[in-house]
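>
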Amino acid sequence: MSMNTQGRPTRSEAPADPGGYQDTFSGSRGLDQAEPLLFERGSTDTTGVDLPEPKGTKTRLGGLDRTAEIGLPGLSEPETMRHYVRLSRKNYAIDLGLYPLGSCTMKHNPRLNEKVARMPGFADVHPLQPQATVQGAFELMGELAHWLMTLTGTPCVAMSPKAGAHGELCGMMAIRAALDTRGESGRRRVLVPESAHGTNPATAVQCGFTTDEIPADATGRVDMAALKDKLGDDIAGIMLTNPNTCGLFERDIIEIADLIHEAGGYFYCDGANFNAIVGRVRPGDLGIDAMHINLHKTFSTPHGGGGPGSGPTVFSDALAPFVPVPYVVKDGKGWKMVEHVADAEGEPFGRMTAFHGQMGMFTRALTYMMSHGSDGLRAASGDAVLNANYILARLKGAMSPAFEGVCMHEALFNDNFLKDTGVTTLDFAKAMIDEGYHPMTMYFPLVVHGAMLIEPTETESKDGLDRFCDVMLALTEAAKAGEADRFKAAPVHAPAKRLDETQAARNPVLRWTKD
Ligand SMILES: *Cc1c(COP(=O)(O)O)cnc(C)c1O
1 MSMNTQGRPT RSEAPADPGG YQDTFSGSRG LDQAEPLLFE RGSTDTTGVD
51 LPEPKGTKTR LGGLDRTAEI GLPGLSEPET MRHYVRLSRK NYAIDLGLYP
101 LGSCTMKHNP RLNEKVARMP GFADVHPLQP QATVQGAFEL MGELAHWLMT
151 LTGTPCVAMS PKAGAHGELC GMMAIRAALD TRGESGRRRV LVPESAHGTN
201 PATAVQCGFT TDEIPADATG RVDMAALKDK LGDDIAGIML TNPNTCGLFE
251 RDIIEIADLI HEAGGYFYCD GANFNAIVGR VRPGDLGIDA MHINLHKTFS
301 TPHGGGGPGS GPTVFSDALA PFVPVPYVVK DGKGWKMVEH VADAEGEPFG
351 RMTAFHGQMG MFTRALTYMM SHGSDGLRAA SGDAVLNANY ILARLKGAMS
401 PAFEGVCMHE ALFNDNFLKD TGVTTLDFAK AMIDEGYHPM TMYFPLVVHG
451 AMLIEPTETE SKDGLDRFCD VMLALTEAAK AGEADRFKAA PVHAPAKRLD
501 ETQAARNPVL RWTKD
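Under the UniProt record's numbering, think of the first position of the sequence shown as 1, with each following residue one higher.
#1: Taking DSSP as the reference, what is the three-state secondary structure of D212?
#2: Cα separation between L227 and I235?
#3: So which residues touch the region around ligand 1, with touch meaning a C-beta under 7 Å from any heavy atom?
#4: Can you tell me which residues form a DSSP beta bridge with C207?
#5: Under 8 Å between C-beta atoms, does G71 make it to chain C?
#6: I'd like the span of the beta strand (DSSP E) that includes F267, first residue to last.
#7: Since C407 and A429 should fall inside the 8 Å C-beta cutoff, what is the C-beta to C-beta distance between them, to a whole number of angstroms?
#8: Of the choices I391, L510, P321, Q131, whose alpha-carbon is the least far from that of T181?
#9: Tell whether a beta-carbon distance below 8 Å holds between K162 and G350.
#10: For M472 and G311, I'd like the C-alpha separation in whole angstroms.
#11: Taking C-alpha atoms, which residue in E213, T154, A93 lies nearest to G287?
#12: Spell out the partners DSSP gives N414 in its beta bridges.
#13: Taking the C-alpha atoms as reference points, what is the distance between D463 and L98?
#14: Determine the direct distance from the alpha carbon of L392 to that of P130, and round the result to whole angstroms.
#15: Could you compute how far the alpha carbon of G436 sits from the alpha carbon of S103?
#16: Give the C-beta separation of M352 and C207 to the nearest angstrom, bearing in mind that I take them to be a contact with Cβ-Cβ under 8 Å.
#17: Which one or two residues does DSSP pair with P73 in a beta bridge?
#18: Where does the unbroken beta strand (DSSP E) through V385 begin, and where does it stop?
#19: For the stretch 104-111 against the stretch 296-304, do three or more pairs of beta-carbon atoms, one drawn from each stretch, fall closer than 8 Å, so that the two count as touching?
#20: Relative to the alpha-carbon of N113, which residue among T363, D285, L87 has its alpha-carbon at the smallest distance?
#21: Give the DSSP-derived three-state secondary structure of L64 in the structure shown.
#22: For I235, which of helix, strand or coil comes out of DSSP?
#23: Using the C-alpha atoms, what's the distance from A431 back to R486?
#24: The alpha helix (DSSP H) spanning L453 covers which residue range?
#25: Out of curiosity, what's the CA-to-CA distance linking A478 and D434?
#26: To the nearest angstrom, how far is the alpha carbon of Y21 from that of L87?
#27: Within 8 Å, do at least three Cβ pairs link the stretch 325-341 to the stretch 172-192?
#28: Which ranges would you report for the beta strand (DSSP E) in the stretch 96-163 if only whole runs of at least 3 residues count?
#29: Return the CA-CA distance between V85 and V134, expressed in angstroms with no decimal places.
#30: Out of T367, P36, M440, S461, which one is the CA nearest neighbour of D383?
#31: Between the C-alpha atoms of A451 and L295, what's the straight-line distance to the nearest angstrom?
#32: Rounded to whole angstroms, how far is the Cβ of G42 from the Cβ of E79, which I believe are closer than 8 Å?
#33: Would you check if the distance between the CB atom of I277 and the CB atom of I256 is smaller than 8 Å?
#34: Can you tell me which of the three DSSP states R89 falls into?
#35: Could you have a look at L240 and say whether DSSP puts it in helix, strand or coil?
#36: Do W512 and F39 count as a contact pair if the criterion is CB distance below 8 Å?
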């Protein structure tokens with residue numbers, strides 16, 4: 001029987017499990033409880049609350065009263081609670097283990113952040129409250145804006161974008177407004193390196209630009225000769241990530257900025273990978289004109305399900321006049337929110353959101369910054385890069401690094417080491433799930449065949465990294481030893497096995513219907 005590193009039998013040697021869920025009467029497997037959809041669990045003719053019939057009320061819906069049942073399952077509070085808790089137990093989470101998803105910076109969210117975000121003065125503010133009653137919240141936003149401008153070396157920031165991709169949209173809309181103001185609405189071509197995140201070209205196109213791809217050179221960086229060939233007087237700008245999605249610093253970034261500016265364009269920098277350089281490089285000094293910052297990556301606020309994201313976007317002097325409302329300013333009488341384009345200085349291109357941005361994210365991010373201090377932030381980016389290089393160093397003999405040399409905050413491998421094993425990048429990722437790890441980012445960036453992009457972040461200990469590397473090495477050895485079947489069958493221990501992703505994408509079932 002094979003043992004794990006603590007000497008306990010591994011689960012794969014446990015008695016054969018005949019058919020997953022079928023081997024119990026309930027469909028549950030111990031603590032891994034089967035859970036149907038909420039609509040299957042509850043019925044529409046029961047109700048979780050008993051309210052007395054209202055007496056003597058007159059409808060004021062002007063004839064728009066609902067005529068049919070609303071169709072929601074009437075579950076009690078404990079039933080509803082259990083449904084969501086059971087589902088949550090099937091999920092992987094950063095609070096459960098290492099989340100090596102490259103380009104996502106899945107770091108630990110310090111509990112101090114949560115404590116501060118729950119303080120009533122921050123948690124309970126309402127976006128329509130009189131401004132005089134939310135001076136502290138405004139000050140927090142102003143202070144966070146100050147930190148973001150200081151860390152990026154830029155004079156201006158829009159706080160309202162609600163995600164990285166939303167920040168990109170904000171940046172590109174400012175670029176379009178600047179070009180239109182210059183009377184150069186014909187400039188509509190945006191250069192996008194081949195290794196860019198999919199949101200970059202999507203944003204450019206959404207904004208009415210066309211995209212033109214720049215290939216990567218043999219070192220995984222922008223091919224400078226190709227870039228120069230593509231410059232012209234129809235250039236609106238470039239969207240570039242630095243460090244790029246190959247986990248490499250674009251060494252020619254200052255020259256790239258100069259070339260783009262000389263050609264009359266603007267430099268949008270995708271700041272999702274800021275965690276690698278915080279406290280070490282100020283993007284403003286490198287010549288960027290706009291850059292979003294993912295508070296939910298670099299500044300430790302939760303991603304997605306843990307709460308909404310936040311993508312404040314910084315701007316250079318050239319684009320500052322076009323920054324959207326709303327924003328906070330301080331004058332002799334205190335803080336105030338500039339809400340309307342007519343009240344703003346400059347020529348805001350408009351408004352990105354209904355309200356002011358994600359207060360909970362602002363509070364967490366500022367807590368993170370202030371508890372670290374500038375020296376702590378600098379140490380964190382150093383540790384993030386060190387951790388990625390530790391993984392690269394431990395795995396590079398067995399797996400195949402995509403590029404030579406050291407990396408920044410993420411280690412990138414291609415699938416050469418799986419050649420002739422019958423195991424693909426996808427199979428390898430599925431086998432990681434059985435080992436209790438969320439897979440790394442797969443098949444991205446597209447410039448690397450069968451890419452595996454691993455970003456540990458600074459919040460993992462050496463011990464945790466070693467356990468992860470041991471598993472990666474053991475899996476690599478199993479693949480090379482001809483155990484393709486193990487990989488093809490994986491995941492065997494996950495609540496859901498291999499899903500038909502093609503069907504799900506082509507033929508999504510978005511609405512539950514009875515039977
Ligand atoms: C995460 C990411 C984005 C998009 O950020 P969201 O907050 O998910 O919208 C853009 N570019 C890169 C390189 C990223 O890693």
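Beta carbons: idealized from backbone N, C-alpha and C, even for Gly.
According to the structure data:
#1: strand
#2: 12 Å
#3: Taking a cut-off of 7 Å from the heavy atoms of ligand 1, the residues with a C-beta inside it are S103, C104, A163, G164, A165, H166, E168, H197, T199, N200, T241, T245, D270, A272, N273, N294, H296, K297, G309, G311.
#4: Answer is none; C207 lacks a bridge partner.
#5: The displayed structure is made up of one protein chain only, and chain C is not part of it.
#6: 266-270
#7: Wrong, their Cβ atoms sit about 20 Å apart, outside the cutoff.
#8: P321
#9: no
#10: 33 Å
#11: Selected option, being the one with the closest Cα: T154.
#12: S400
#13: 11 Å
#14: 53 Å
#15: 20 Å
#16: About 13 Å; that fails the 8 Å criterion.
#17: Answer is none; P73 lacks a bridge partner.
#18: It is not in any beta strand (DSSP E) - V385 instead sits in the alpha helix (DSSP H) that spans 359-395.
#19: yes
#20: T363
#21: coil
#22: If DSSP states are grouped into helix, strand and coil, I235 belongs with the strands.
#23: If you take the alpha carbons of R486 and A431, they lie about 8 Å apart.
#24: Segment 452-454 is the beta strand (DSSP E) holding L453; no alpha helix (DSSP H) there.
#25: 14 Å
#26: Since pLDDT at Y21 reaches only 45, below the 50 mark, its modelled position is unreliable, and the value read off the structure follows with that caveat. Computed Cα separation, rounded: 16 Å.
#27: A contact is defined here as three or more CB-CB pairs under 8 Å, and the stretch 172-192 fails this definition with respect to the stretch 325-341.
#28: Listed in chain order, they are 156-158.
#29: Our two residues, V85 and V134, have alpha carbons roughly 34 Å apart in a direct line.
#30: S461
#31: 26 Å
#32: Between G42 and E79 the beta-carbon gap is near 7 Å, inside 8 Å, which marks them as a contact.
#33: No, the Cβ-Cβ distance between I277 and I256 is not below 8 Å.
#34: In the three-state scheme derived from DSSP, where H, G and I count as helix and E and B as strand, R89 is classed as coil.
#35: Three-state result, L240: strand.
#36: yes
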